[in-house]
Amino acid sequence: EMFGYATVFRSLSSGHANASMHFKKYMRVPAEIAAKIVEQRKKERETK
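Sequential numbering from -18 applies to the sequence shown in my numbering.
See below:
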């Protein structure tokens, strides 16, 4: 979500602003999405 944010921020401020990001928290992935991720990784490992 933050990809390119610093570049846009600097551009909008004519290079005078500075931005930084800090980790806030981890969030649990819903079970159905986690299962899809696991299956995808298994398939990726099988093709290597």
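All C-beta atoms, glycine included, are put in the ideal place defined by N, C-alpha and C.
To the nearest angstrom, report how far apart residue i and residue j are at their CA atoms.
i	j	result
M2	V(-11)	14 angstroms
A15	R9	9 angstroms
P11	V19	12 angstroms
R(-9)	F4	21 angstroms
K23	G(-15)	31 angstroms
So for residue i, helix, strand or coil by DSSP?
i	result
F4	coil
F(-16)	coil
R9	coil
A(-2)	coil
K23	helix
K29	coil
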